[in-house]
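In the numbering used here, the protein residues as written are 6 to 397.
Just so you know, even glycine gets a beta-carbon here, dropped at the ideal spot from N, CA and C.
As the structure is a prediction and not an experimental result, all values here were calculated from the model.
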């Protein structure tokens with residue numbers, strides 16, 4: 006599968022369900038394995054994986070893997086709920102806590118994932134340019150069901166391949182992820198790429214991603230990913246970047262606080278709340294977010310245009326407004342940033358004011374009654390509903 010993070014249709018797990026419906030895996034303990042704990046393959050519908058403890062695994066915690074691109078879209082409507090997953094990837098360090106591949110309309114909710122060498126949650130499929138690669142290529146290409154894929158000979162676009170991208174309409178919500186990315190580089194708390202439309206990443210709490218690398222984000226939409234909603238997430242006390250967002254994905258009503266410097270080649274880099282990377286951002290949105298930094302130096306968002314991306318990513322091309330930018334150690338930084346953006350026609354109604362959290366130094370991001378967040382229509386994020394549930 007993508008970047009060899011997992012294998013397609015292989016018996017490498019302690020428990021494997023293949024071509025199953027309406028099965029329940031509940032209150033089990035999976036531990037001390039050289040591979041993955043649980044995987045659902047090919048035709049897997051309406052199965053539930055809930056209230057389990059997964060620890061000390063050689064590879065992935067939970068994998069839901071559908072058919073490769075083609076007309077068979079038969080792995081969907083599964084539930085991954087209230088599982089405690091930690092210390093995965095102890096042999097294959099790229100093994101994430103939870104991995105959805107070519108599978109849609111699943112709900113991944115209230116899981117606690119921590120102490121992973123790489124990513125917490127991955128939602129993935131097959132990227133557009135892989136459909137044009139030689140059939141003997143290694144990564145992903147051999148999963149494509151060529152007899153079922155009818156594509157033009159011209160240069161392919163996302164609209165050409167979208168009918169074959171089965172990782173669509175997944176709901177990733179109310180999960181807590183901390184101390185991911187402890188060993189490898191170029192990874193994330195939650196990552197999505199090569200998927201169809203309608204995926205929602207909502208009300209997750211991602212904190213304490215503290216490895217020094219600059220190549221990490223708490224949430225990342227990677228190359229070519231479109232039509233994703235990222236909303237009401239709390240990102241706190243992580244390094245390098247809060248989020249990396251591309252194309253027409255929407256980032257609405259999130260709180261990103263206390264992003265700390267990453268290190269590259271021995272040099273400390275200024276922390277960044279939001280990296281806009283790969284345009285055009287037409288149809289995207291950056292609205293009602295709070296960017297809060299307790300220190301005196303931060304990049305609120307970085308717009309990108311370089312040789313790696315054919316079209317630059319600029320906030321003016323998206324619907325960017327009603328945000329709060331505040332740097333407690335240097336309030337003038339937010340004011341000057343917002344003033345410049347407003348001259349460019351961006352962030353017309355946004356504010357550079359203290360959001361008046363109750364106790365941000367101790368992770369309490371509820372709003373004071375006088376908070377300007379109320380004026381902008383920003384919703385508070387209720388942490389009491391995020392993470393493991395004590396009762397089913």
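Exposed unless 16 or more other CB atoms sit within 10 angstroms - verdict on residue i
i           : result
residue 366 : exposed
residue 101 : buried
residue 280 : buried
residue 327 : buried
residue 32  : exposed
residue 315 : exposed
residue 209 : buried
residue 83  : buried
residue 236 : buried
residue 346 : buried
residue 322 : buried
residue 386 : buried
residue 352 : buried
residue 178 : buried
residue 78  : buried
residue 170 : buried
residue 29  : exposed
residue 121 : buried
residue 66  : buried
residue 363 : exposed
residue 275 : exposed
residue 267 : buried
residue 339 : buried
residue 325 : buried
C-alpha distance - residue i paired with residue j, whole-angstrom precision
i           : j           : result
residue 228 : residue 176 : 20 angstroms
residue 142 : residue 136 : 11 angstroms
residue 184 : residue 372 : 26 angstroms
residue 49  : residue 244 : 37 angstroms
residue 166 : residue 129 : 14 angstroms
residue 262 : residue 119 : 19 angstroms
residue 91  : residue 104 : 14 angstroms
residue 342 : residue 269 : 25 angstroms
residue 25  : residue 18  : 16 angstroms
residue 151 : residue 131 : 13 angstroms
residue 212 : residue 330 : 20 angstroms
residue 125 : residue 201 : 20 angstroms
residue 95  : residue 392 : 23 angstroms
residue 284 : residue 310 : 9 angstroms
residue 158 : residue 199 : 20 angstroms
residue 41  : residue 113 : 18 angstroms
residue 160 : residue 139 : 15 angstroms
residue 10  : residue 97  : 8 angstroms
residue 272 : residue 312 : 23 angstroms
residue 370 : residue 110 : 31 angstroms
residue 6   : residue 388 : 34 angstroms
residue 317 : residue 123 : 28 angstroms
residue 333 : residue 384 : 21 angstroms
residue 301 : residue 106 : 41 angstroms
residue 320 : residue 8   : 30 angstroms
residue 260 : residue 354 : 18 angstroms
residue 181 : residue 239 : 10 angstroms
Chain-order list of residues whose beta-carbon lies under 6 angstroms from that of residue i (same chain, five-residue window excluded)
i           : result
residue 186 : 192, 214, 216 and 221
residue 277 : 246, 304 and 307
residue 55  : 31, 86 and 87
residue 80  : 49, 71 and 108
residue 148 : 13 and 73
residue 253 : 231, 288 and 289
residue 226 : 197, 233, 250, 251 and 254
residue 27  : 51
residue 76  : 153
residue 146 : 135 and 138
residue 36  : 60 and 61
residue 53  : 29 and 84
residue 248 : 222, 224 and 279
residue 189 : 98, 122 and 123
residue 21  : 44
Beta-carbon proximity list for residue i, same chain, < 8 angstroms, skipping 5 on both sides
i           : result
residue 394 : 87 and 115
residue 336 : 357 and 359
Contact set for residue i: own chain, Cβ-Cβ below 7 angstroms, skip 5 residues either direction
i          : result
residue 58 : 34 and 89
Residue i CB to nearest heavy atom of the ligand MG below 7 angstroms
i           : result
residue 194 : Of the ligands one can find in the structure shown there are none, so the ligand MG has no counterpart to examine.
Inset, instruction - Check whether the segment 369-388 touches the segment 282-297, counting contact only when three or more Cβ pairs, one atom from each stretch, lie closer than 8 angstroms. - result: Touching, per the Cβ criterion.
Inset, instruction - Can you check the segment 135-193 for any alpha helix (DSSP H) of at least 4 residues that lies completely inside it and give the ranges in chain order? - result: The segment 135-193 contains these whole alpha helix (DSSP H) runs: 163-166.
Legend entry - Cβ contact (3+ pairs, closer than 8 angstroms) linking the segment 31-45 and the segment 64-75: Verdict: yes, contact present.
Inset, instruction - Please specify which runs of the beta strand (DSSP E), each continuous and at least 3 residues long, are wholly inside the segment 268-294, giving them in chain order. - result: As far as the segment 268-294 is concerned, its whole beta strand (DSSP E) runs of at least 3 residues are 272-274, 277-281 and 290-292.
Legend entry - 3-residue-minimum beta strand (DSSP E) runs that sit fully inside the segment 334-387, ordered along the chain: Within the segment 334-387, the complete beta strand (DSSP E) runs of at least 3 residues are 362-364 and 369-372.
Legend entry - Complete runs of the beta strand (DSSP E) confined to the segment 9-92 [at least 3 residues]: Counting only runs of 3 or more, we get 18-26, 29-31, 34-38, 41-50, 53-55, 58-62, 67-70, 84-86 and 89-91.
Legend entry - Sequence ranges, alpha helix (DSSP H) only - wholly within the segment 227-274, length at least 4: Within the segment 227-274, there are no complete alpha helix (DSSP H) runs of at least 4 residues.
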